[in-house]
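In order, the protein sequences belong to chains R and W.
Per numbering that gives the first Met the number 0, the first sequence starts with residue 0, numbered consecutively.
Per numbering that gives the first Met the number 0, the second sequence starts with residue 0, numbered consecutively.
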Amino acid sequence: MKLVTLPASLDERSFDTLVRGIEGDPGQRRLFDGSHVRWADPYGMIGLLAVGTVAGRTAERPLFRLPELPEVVSYMTRMGFFEHAADLFEFHGTARRARPDGASDVLLEITAINSHADVHAVVDLVNERGMAILTRQLHYPPREAFQFSVVLSEVCQNIIEHAESGGWVATQTYTWKKRLAGRRVVVIAVMDLGIGFRESLSATQAARHPEGAGRFSDATALEAAFLHGQTRFHDPGRGQGLQQIRKQVGRWNGRVSIRSGTARIADVPDWDDSPPLEEHLPFLTGAQIGIILPARVEADPLTMPGTARKGETN
Amino acid sequence: MTYGPAQVTPFQIDLSSLVGRSVASLYSHLVTRPTGRALRLGIESQIGEFGSSCLSVLDFTQVVVLDYSCADEAVAKLVQRYIGADRPADVYFVACGLSEQHRDPIEAVLQRHRLALAAEVGDAGFVLLGETSARERRVWSLLEEVRATGPDDVAGRLGIDSGEALQLLDGLVSRRVALHGSRDRFLSLSSLLTPH
Numbered sequence: 000m001k002l003v004t005l006p007a008s009l010d011e012r013s014f015d016t017l018v019r020g021i022e023g024d025p026g027q028r029r030l031f032d033g034s035h036v037r038w039a040d041p042y043g044m045i046g047l048l049a050v051g052t053v054a055g056r057t058a059e060r061p062l063f064r065l066p067e068l069p070e071v072v073s074y075m076t077r078m079g080f081f082e083h084a085a086d087l088f089e090f091h092g093t094a095r096r097a098r099p100d101g102a103s104d105v106l107l108e109i110t111a112i113n114s115h116a117d118v119h120a121v122v123d124l125v126n127e128r129g130m131a132i133l134t135r136q137l138h139y140p141p142r143e144a145f146q147f148s149v150v151l152s153e154v155c156q157n158i159i160e161h162a163e164s165g166g167w168v169a170t171q172t173y174t175w176k177k178r179l180a181g182r183r184v185v186v187i188a189v190m191d192l193g194i195g196f197r198e199s200l201s202a203t204q205a206a207r208h209p210e211g212a213g214r215f216s217d218a219t220a221l222e223a224a225f226l227h228g229q230t231r232f233h234d235p236g237r238g239q240g241l242q243q244i245r246k247q248v249g250r251w252n253g254r255v256s257i258r259s260g261t262a263r264i265a266d267v268p269d270w271d272d273s274p275p276l277e278e279h280l281p282f283l284t285g286a287q288i289g290i291i292l293p294a295r296v297e298a299d300p301l302t303m304p305g306t307a308r309k310g311e312t313n
Numbered sequence: 000m001t002y003g004p005a006q007v008t009p010f011q012i013d014l015s016s017l018v019g020r021s022v023a024s025l026y027s028h029l030v031t032r033p034t035g036r037a038l039r040l041g042i043e044s045q046i047g048e049f050g051s052s053c054l055s056v057l058d059f060t061q062v063v064v065l066d067y068s069c070a071d072e073a074v075a076k077l078v079q080r081y082i083g084a085d086r087p088a089d090v091y092f093v094a095c096g097l098s099e100q101h102r103d104p105i106e107a108v109l110q111r112h113r114l115a116l117a118a119e120v121g122d123a124g125f126v127l128l129g130e131t132s133a134r135e136r137r138v139w140s141l142l143e144e145v146r147a148t149g150p151d152d153v154a155g156r157l158g159i160d161s162g163e164a165l166q167l168l169d170g171l172v173s174r175r176v177a178l179h180g181s182r183d184r185f186l187s188l189s190s191l192l193t194p195h
């Protein structure tokens with residue numbers, strides 16, 4: 000059995016550490032030890048589902064030791080983590096794991112995306128539940144709050160149209176304690192374990208690569224899709240989803256990243272210090288998309304592009 | 000071949016009711032490509048019932064959310080279908096009831112396909128969306144203002160020669176954002192919708 004110790008903060012910034020846990024002998028059972036987890040966001044929770052799924056494909060179902068902090072387990076429960084994890088992990092721990100009935104403080108619980116009908120359900124739910132959160136807590140004008148649904152719709156359709164596999168989406172709002180001067184943010188995570196960008200684009204784009212099809216890597220595939228809007232479809236109407244997501248997230252001075260295979264590409268605002276392109280990451284199949292949108296504050300230099308502080312940590 | 004106002008049949012399509020009928024679902028938001036495709040097929044079916052010429056009004060009043068994928072299928076591909084020489088009918092499209100949240104996706108998908116569409120957007124009134132040149136927009140705006148005019152009048156008002164004015168007006172007609180009436184008479188599409 001291989002022990003995989005989960006980081007204290009289970010989010011995008013620690014995700015590569017989590018993926019490293021499934022490197023090595025694929026037939027070896029994993030124990031994901033979450034006992035020291037003190038914080039988990041949608042990216043971290045869906046990421047754990049993704050990594051657990053991969054680990055369970057080639058070995059006995061992995062074990063998951065629950066976080067010691069009851070509030071973390073409670074939060075993961077409210078996000079619906081345990082409902083999706085029930086078939087993927089064998090649990091160690093006795094905390095309550097059933098999602099409570101009644102009104103939820105969650106913007107969008109972890110939701111499986113397997114069809115276009117699921118995308119409709121997500122948009123309906125977020126419109127019903129999210130407008131108040133987005134307009135009152137994040138101060139988005141109503142028109143822009145509707146655009147949030149559009150972003151969510153497009154990012155979920157990316158799974159259906161390109162991954163040839165199901166996936167998950169979740170979104171939630173937080174108040175960051177240190178980053179962005181304590182600003183509220185929305186975190187969106189969308190992941191699939193499908194064919195990934197390189198394979199999706201290889202048939203139509205690899206031959207055009209200036210250094211030859213053999214050099215068409217995860218990074219070049221991400222650049223083609225993310226920066227240039229290229230897709231495997233010959234329809235000029237395709238490929239605008241990601242472009243429009245980038246445009247809208249940029250308007251809100253947010254951050255959007257896509258990880259696929261061994262690379263990650265991102266539009267990085269001034270308040271973040273992550274690199275725009277990373278290569279040679281531990282391999283994970285499919286695509287993992289993360290979006291962070293800060294609350295809107297009129298005339299605040301932190302959300303005015305080009306004037307924000309850099310290097311803050313959460 | 001020219002068409003006078005009497006030969007063009009205006010009819011109105013309420014997109015929210017049509018999507019409900021075409022997709023046969025509860026979806027009140029226009030999102031995803033299959034929804035857009037169903038919507039387009041429904042509109043094409045209704046156009047087919049009106050014979051060879053019509054003005055199709057796409058009413059977005061009841062639409063809350065419109066995403067890019069749905070707009071591409073329902074609007075851009077619909078307009079594109081009736082631009083080419085092999086179009087099944089002579090159809091002119093006008094989008095009505097647009098608010099700002101609809102404008103972005105429609106503008107984006109039209110530009111992507113290099114199309115244009117006359118649209119009524121909130122307080123702005125009728126505007127020309129999509130990929131258009133500054134000269135096209137000037138002539139279209141003038142036509143929108145005066146409702147009906149000819150190349151000589153356009154040339155006089157805009158300070159260009161009549162040949163160029165005629166060429167620009169013909170271009171707007173071929174892009175289906177203006178109507179060629181009698182011999183040297185061109186009409187704005189909105190003039191067919193509203194009494195003077």
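By construction, the Cβ of each residue, glycine as well, lies at the ideal position given by its N, Cα and C atoms.
Between the stretch 104-126 of chain W and chain B, which residues of the former have CB atoms less than 8 angstroms from a CB of the latter, in chain order?
The chain labelled as chain B is not found among the protein chains of the depicted structure, namely R and W.
Quick one: which chain R residues come within Cβ less than 7 angstroms of GLU99 (chain W)?
The residue given as residue 99 (chain W) occupies position 100 in the second sequence. Result: ARG142.
Tell me the DSSP secondary structure of LEU65 (chain W) in three-state form.
The residue labelled residue 65 (chain W) in the question sits at position 66 within the second sequence. Three-state DSSP puts LEU65 (chain W) in a strand.
Given a cut-off of 8 angstroms, decide if LEU57 (chain W) and ALA94 (chain W) are closer than it, judged by their beta-carbon atoms.
Within the second sequence, numbered from 1, the residue matching residue 94 (chain W) stands at position 95. Within the second sequence, numbered from 1, the residue matching residue 57 (chain W) stands at position 58. Against a cut-off of 8 angstroms, the Cβ pair of LEU57 (chain W) and ALA94 (chain W) comes out as a contact.
If you measure beta-carbon to beta-carbon, which residues of the stretch 122-141 of chain R are closer than 9 angstroms to chain W?
Cβ contacts with chain W: VAL122, ASP123, ASN126 and PRO141.
Provide the residue span of the alpha helix (DSSP H) that contains TYR74 (chain R), from first to last.
Walking along the first sequence from the start, residue 74 (chain R) turns up at place 75. Looking at the DSSP string, the run of the alpha helix (DSSP H) that includes TYR74 (chain R) is 69-77.
When the cut-off is 8 angstroms and only beta carbons count, does VAL30 (chain W) lie next to chain R?
Taking the second sequence and counting its residues from 1, the one referred to as residue 30 (chain W) is at position 31. Yes, because at least one Cβ of chain R sits closer than 8 angstroms to the Cβ of VAL30 (chain W).
If we count the other Cβ atoms within 10 Å of its Cβ and call it buried at 16 or more, is ASP24 (chain R) buried or exposed?
Against the first sequence, residue 24 (chain R) aligns to sequence position 25. Flag for ASP24 (chain R) reads exposed.
Using the beta-carbon of each residue, which ones in chain R are nearer than 8 angstroms to TYR67 (chain W)?
Here residue 67 (chain W) corresponds to residue number 68 of the second sequence, with the count starting at 1. By Cβ distance, chain R contributes VAL149, GLU153, GLN239, GLY240 and GLN243.
Any Cβ of chain W within less than 8 angstroms of the Cβ of GLN314 (chain R)?
Outside the shown range of chain R, which is 0 to 313, sits residue 314 (chain R), and nothing can be said about it.
Short check: CB of ARG237 (chain R) to CB of THR203 (chain R), under 8 angstroms?
Sequence index remark: in the first sequence, residue 237 (chain R) carries index 238 (1-based). Sequence index remark: in the first sequence, residue 203 (chain R) carries index 204 (1-based). For ARG237 (chain R) and THR203 (chain R), no; Cβs fall outside 8 angstroms.
Run the CB neighbour count on GLU72 (chain W), radius 10 Å, all protein chains shown included, and call it buried at 16 or more, exposed below.
Residue mapping note: residue 72 (chain W) aligns to position 73 of the second sequence, counting from 1. By the 10 Å Cβ count, GLU72 (chain W) comes out buried.
With a threshold of 7 angstroms on Cβ separation, who are the neighbours of TYR42 (chain R) within its own chain once the five nearest residues in sequence on each side are excluded?
Looking up residue 42 (chain R) in the first sequence gives position 43. So the qualifying residues of the chain are ASP10, GLU11, PHE14, VAL186, ALA188 and GLY289.
With a threshold of 6 angstroms on Cβ separation, who are the neighbours of HIS35 (chain R) within its own chain once the five nearest residues in sequence on each side are excluded?
Here residue 35 (chain R) refers to the residue found at position 36 of the first sequence. Closer than 6 angstroms at the Cβ level, and outside the excluded window around HIS35 (chain R), lie ALA7.
Going straight from the alpha carbon of GLY180 (chain W) to that of VAL168 (chain R), what length do you get?
In the second sequence, residue 180 (chain W) corresponds to position 181, counting from 1. In the first sequence, residue 168 (chain R) corresponds to position 169, counting from 1. Cα-Cα distance, rounded: 53 angstroms.
Does the beta carbon of GLN229 (chain R) come closer than 8 angstroms to any beta carbon on chain W?
Reading the first sequence from its first residue, position 230 is the one you call residue 229 (chain R). No, no contact with chain W.
Below 8 angstroms between beta carbons: does that hold for THR52 (chain R) and LEU192 (chain R)?
Translated into the one-based positions of the first sequence, residue 52 (chain R) becomes position 53. Translated into the one-based positions of the first sequence, residue 192 (chain R) becomes position 193. Cβ distance < 8 angstroms, so THR52 (chain R) and LEU192 (chain R) count as in contact.
Please report whether the beta-carbon of GLN315 (chain R) lies at a distance below 8 angstroms from any beta-carbon of chain W.
What is shown of chain R runs 0 to 313, which leaves residue 315 (chain R) out entirely.
Runs of 4 residues minimum, wholly inside the stretch 82-137 of chain W: which ones carry the alpha helix (DSSP H) assignment?
Listed in chain order, they are 99-112.
Is there a Cβ of chain W sitting closer than 8 angstroms to that of VAL168 (chain R), yes or no?
As a first step, residue 168 (chain R) must be located in the first sequence, where it is residue number 169. It does not; no Cβ of chain W falls within 8 angstroms.
Hey, would you say LEU62 (chain R) sits closer than 8 angstroms to PHE80 (chain R), going by beta carbons?
Taking the first residue of the first sequence as position 1, residue 62 (chain R) is located at position 63. Taking the first residue of the first sequence as position 1, residue 80 (chain R) is located at position 81. Cβ distance not < 8 angstroms, so LEU62 (chain R) and PHE80 (chain R) don't count as in contact.
Can you tell me which of W:TRP139, W:HIS112, W:GLN100 and W:ILE105 puts its alpha carbon nearest to the alpha carbon of LEU188 (chain W)?
By one-based count along the second sequence, residue 188 (chain W) stands at place 189. It is W:TRP139.
Keeping to the same chain, check which residues put their C-beta closer than 7 angstroms to that of ALA23 (chain W); ignore five residues upstream and five downstream.
Here the question's residue 23 (chain W) lines up with position 24 in the second sequence. Model confidence at ALA23 (chain W) stands at a pLDDT of 26, short of 50, so the residue's coordinates are unreliable and nothing is read from them.
Cβ closer than 8 angstroms: which chain W residues qualify as neighbours of GLY236 (chain R)?
The sequence position of residue 236 (chain R) within the first sequence is 237, counting from 1. Per Cβ cutoff of 8 angstroms: ASP71, GLU72, ALA75, LYS76, VAL108, ARG111 and HIS112.
At least one CB of chain W closer than 8 angstroms to the CB of VAL255 (chain R): is that the case?
Along the first sequence, one-based indexing puts residue 255 (chain R) at 256. Not an interface residue.
State the start and end residues of the unbroken alpha helix (DSSP H) segment that holds TYR42 (chain R).
Position 43 of the first sequence, counted from the first residue, corresponds to residue 42 (chain R). 41-57 is the extent of the alpha helix (DSSP H) around TYR42 (chain R).
In the DSSP assignment, the alpha helix (DSSP H) including GLY289 (chain R) goes from what residue to what residue?
Working through the first sequence from its first residue, we reach residue 289 (chain R) at position 290. Looking at the DSSP string, GLY289 (chain R) is not in any alpha helix (DSSP H); the run it does join, the beta strand (DSSP E), is 283-293.
With contact counted as at least three CB pairs below 8 angstroms, one residue from each stretch, are the stretch 216-235 of chain R and the stretch 100-107 of chain W in contact?
The stretch 216-235 of chain R vs the stretch 100-107 of chain W: no contact.
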